[in-house]
Amino acid sequence: MVKKRAVITIDGPAGAGKTSIAKIVSRKLGYNYIDTGAMYRAISWKAFREKIDLKAKEKLIKMVRNTKIELKNRAGMVKVYLDGKDITNKIRGKRLAEGASILATIPEVREQLMKIQRRMGSSGGIVVEGRDIGTVVFPRADYKFYLDASIKERALRRYRELKVKGEEGQLAELEKAIRSRDKRDRTRRVAPLKIARDAVVIDSTDMSKKEVVEFILKRIQ
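Taken in order, the sequence shown gives residues 154 to 374; the numbers are from the working numbering.
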């Protein structure tokens with residue numbers, strides 16, 4: 154059986170399905186789910202709301218140090234609270250995602266959010282997903298997975314997500330955006346996206362969500 158109160162990390166590039174897989178795995182194990190990307194998007198949302206330029210490093214650092222972020226697991230759903238307010242439904246979208254990617258390159262911002270993430274996971278019993286969770290945030294995690302998929306498949310998944318939401322998207326443009334995001338994530342100076350030496354790599358290109366979840370659960374049980 155899975156270790157009691159284990160720390161499980163799921164890393165990987167944009168659009169690989171980390172969020173949906175991590176949510177399902179956490180529910181099946183009765184663990185808390187930590188979406189680190191949502192934390193960066195929350196900071197991005199606050200920066201835009203307060204009209205702080207994402208190039209104004211010192212202002213951003215000061216803002217983050219004076220910001221309270223909480224992730225609350227309720228009835229199988231994760232709510233994102235920023236300074237005491239639920240902003241869960243306000244932090245999706247391309248603009249905030251791009252802002253989050255830029256913020257993730259600032260060492261001081263990462264350090265502040267990493268402190269929060271580690272505090273959340275101090276007692277174990279968590280499934281955490283992101284870009285550098287198994288390599289930097291929780292290098293001693295009990296179980297590490299790296300979820301990947303082809304750029305074409307990731308763009309197609311994003312395209313389908315947009316259609317469900319009633320939004321428009323062009324596959325070629327989505328592929329271009331994913332390539333750009335991959336390059337930025339893999340080449341950034343601070344905690345670049347890479348596979349942890351002890352991580353189990355899953356290529357989900359030709360796998361369903363159910364198959365990926367079953368694969369992960371078999372590895373840890």
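Built from N, CA and C at the ideal position, the CB exists for glycine as well.
A direct Cα-to-Cα measurement between R227 and I174 gives close to 18 Å.
Taking each of K210, V280 and F298 in turn and checking the Cα distance to A257, the smallest one comes out for K210. Here the stretch 185 to 192 makes no contact with the stretch 318 to 329; the two share fewer than three CB pairs at distances below 8 Å.
Per DSSP, I214 is not a residue of any beta strand (DSSP E); the alpha helix (DSSP H) it occupies stretches across K210 to R218.
Counted as a single uninterrupted DSSP element, the beta strand (DSSP E) harbouring Y234 occupies residues M230 to L235. If you look at L300, you'll find it in the beta strand (DSSP E) that goes Y296 to D301.
Counting along the chain, D164 sits inside the beta strand (DSSP E) bounded by residues V160 to D164.
Exposure of P260 is indicated by the presence of fewer than 16 other C-beta atoms within 10 angstroms of its C-beta. Its Cα nearest to that of M267, the residue F291 stands out among K208, F291, G252 and A253. In this structure, the straight-line span from the alpha carbon of V343 to that of T288 is close to 12 Å. For the stretch 273 to 359, the continuous alpha helix (DSSP H) assignments of 4+ residues that do not extend past its boundaries occur at 304 to 317 and 324 to 340, in sequence order. Straight-line spacing of the CA atoms in K318 and Q265 works out to 33 Å. DSSP, reduced to helix, strand and coil, places K204 outside both helices and strands of the structure shown, so it counts as coil. In this structure, S197 sits away from A159, with a CB-CB distance that is not shorter than 8 Å. No Cβ-Cβ contact shorter than 8 Å links I163 with L309. With a threshold of 16 other beta carbon atoms within 10 Å, E364 falls short and is exposed. In the DSSP assignment, I187 falls within the beta strand (DSSP E) that extends over N185 to D188. For K225, the enclosing beta strand (DSSP E) starts and ends at I222 to R227. The Cβ atoms of I161 and V280 sit closer than 8 Å to each other. In the assembly as shown, R284 is a buried residue. Its beta-carbon has 16 or more other beta-carbons within 10 Å. Rounded to whole angstroms, the separation of the alpha carbons of V217 and Y312 is 32 Å. By the Cβ-count criterion, E282 is buried, with 16 or more other Cβ atoms from all chains shown falling within 10 Å of its own Cβ. Put simply, of K225, L315 and L346 the residue whose alpha carbon is nearest the alpha carbon of D239 is K225.
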